[in-house]
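See structure below.
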Amino acid sequence: MVKSTTSGPIQTRATIAGVREAVALARREGRTIGLVPTMGALHAGHLRLVEEARAASGLVVVSIFVNPTQFGPNEDFKRYPRTPDADLALCEAGGAGVVFAPEVEEMYPNGPSTTFVEVPSLSDRLEGASRPGHFRGVATVVLKLFTIVQPDLAFFGAKDYQQLQVIRRMVADLDVPVDVRAVATVREPDGLAMSSRNRYLDADHRRAAVVLSKALGLASEAVREGERHADRVRQILRDSIESEPLARLDYAEVADADTLEPAVEVGPGRRAVALIAARVGPARLIDNAVLPG
Ligand code: PAF
């Protein structure tokens, strides 16, 4: 397919019919379509997604939708940050052509959706164990977005490692004709992974939050220096998080990088990933690192 260099002012569409119309026009012009699914409250990590999408596609569509079905009853759906004006400016700066920002009623006109996509083998552990139903909500809304926009390419941040694996598996199992691209985590200068939820942190918690990336750094260093036992790497992660009084560990796991099954050994010939979730004051943060192989 031809990549076009034409670009006009950014358009916002709130309806499925509206975004389909914009995409159909771009298709008629021979442009490839890149989708960046987001929940808004965009930051430099999202900007990188949009920029990478722009480099690979003729039209970038950014969806901004705080998807209620992926939040548990006691989670932060209501207070999730919503910054529509700043989001639009960031999308424009990154080179997006269309922002699709539907209301909940547009995406779920019959109330909470009754048809769901489940990827059980990857969804019940780690984030899924702490947030039952989360990945069912994610997989369902992402498949809806794929069906609505019908992109050639879709871009997801590697910070949400398990989400990325769930989406890849869904796409493979259901033969969805989308090329899923992972984009490396963007970090603050001290190592904290960019996240919309970092906005919840006050100054003390912000300082403490760096413990997640520090723990992952120590784990990677240990493997680089010869550690081969996944259990010892888990212990390094746990000890590191527990050394920070303002952080409360949810999980620290070392898993096979594809199946997310707990790893036994790490190092050369093994593809393993370290994954952490911890509560730091009002924010529940996650981070990960693929361990040296
Ligand atoms: O990663 C996110 O922001 C969301 O989980 C996603 C993929 C946009 C689905 O709502």
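Residue 70 in our numbering sits at position 22 of the sequence shown, and the numbers go up by one each step. C-beta atoms are modelled at their ideal positions from N, C-alpha and C, and glycine is treated no differently.
- Between Ala104, Glu236, Glu77 and Leu264, which lies nearest to Leu201 when the distance is taken from Cα to Cα? Ala104
- Query: Can you tell me the Cα-Cα spacing of Leu266 and Glu100, whole angstroms?
  - Reply: 30 Å
- Item | DSSP state of Ile81 mapped onto helix, strand, coil | In the structure shown, Ile81 falls within a strand segment according to DSSP collapsed to helix, strand and coil.
- Can you have a look at Lys207 and say buried or exposed, based on whether 16 or more other CB atoms are within 10 angstroms of its CB? Residue environment analysis places Lys207 among the buried positions, since at least 16 neighbouring C-beta atoms fall within 10 angstroms of its C-beta.
- Give every residue of the same chain whose Cβ lies closer than 7 Å to the Cβ of Gln283, excluding the five residues on either side of it in the sequence, and list them in chain order. Listed in chain order, the non-local C-beta contacts of Gln283 below 7 Å within the same chain number zero, local neighbours out to five positions each way being set aside.
- Task: Evaluate the contact criterion for the region 103-118 versus the region 245-261: three or more CB pairs, one atom per stretch, below 8 Å.
- Result: No contact exists between the region 103-118 and the region 245-261.
- Going by other Cβ atoms of all chains shown within 10 Å of its Cβ, with 16 needed for buried, is Phe164 buried or exposed? Exposed: under 16 other Cβ atoms inside 10 Å.
- Based on Cα-Cα distance, which residue from Ala295, Leu294, Ile289 and Pro293 lies nearest to Glu301? Ile289
- Task: Considering only heavy atoms of the ligand PLP, list every residue whose Cβ is less than 6 Å from one of them, following chain order.
- Result: Annotation note on the ligand PLP: not contained in the displayed structure, which lists the ligand PAF as its ligands.
- Message: Within a Cβ cutoff of 6 Å, which residues of the same chain sit near Val224, ignoring the five residues on either side of it in sequence?
- Response: Phe194
- Message: Give me the DSSP bridge partner(s) of Ser348.
- Response: Examination of residue 348 is not possible in this model, given that the chain is present from 49 through 341 alone.
- Task: Check the DSSP bridge columns for Gly205 and list the partner residues they point to.
- Result: Val231
- Message: Just to confirm the assignment, what range does the beta strand (DSSP E) spanning Val321 have?
- Response: Ala320 to Val328
- Just checking my contact of Gly88 with Val114 at CB under 8 Å: how many whole Å lie between their CB atoms? 6 Å
- N-terminal and C-terminal residue of the beta strand (DSSP E) that Thr60 is part of: In the DSSP annotation of this structure, the continuous segment of the beta strand (DSSP E) that includes Thr60 starts and ends at Gln59 to Arg61.
- Item | Segment limits, beta strand (DSSP E) that includes Arg332 | Start and end: Ala331 to Val338.
- Message: So, at 8 Å on beta carbons, what are the nonlocal neighbours of Ser268 in its own chain, with the 5 sequence-adjacent residues on each side left out?
- Response: Ala322, Ala337, Leu339 and Pro340
- Just the C-alpha distance for Thr307 and Phe183, rounded to the nearest angstrom, thanks. 15 Å
- Item | Rounded straight-line distance, which links the Cα of Ala72 to that of Asp218 | Looking at the sequence provided, one finds Met at residue 218 rather than Asp. Here the alpha carbons of Ala72 and Met218 stand approximately 25 Å from one another.
- Query: Residues bridged to His277 by DSSP?
  - Reply: Glu313
- Within 10 angstroms of the Cβ of Asn246, are there 16 or more other Cβ atoms? Answer buried if so, exposed if not. buried
- Message: Can you tell me where the beta strand (DSSP E) holding Ala305 begins and where it ends?
- Response: Counting along the chain, Ala305 falls outside any beta strand (DSSP E), and DSSP gives it neither H nor E.
- Backbone CA spacing between Gly8 and Arg61 [nearest angstrom]: Residue 8 lies beyond the residue range present for the chain, which begins at 49 and ends at 341; the question has no answer from this structure.
- Query: Taking buried to mean at least 16 other C-beta atoms within 10 Å of its own C-beta, is Arg96 buried or exposed?
  - Reply: That one is buried.
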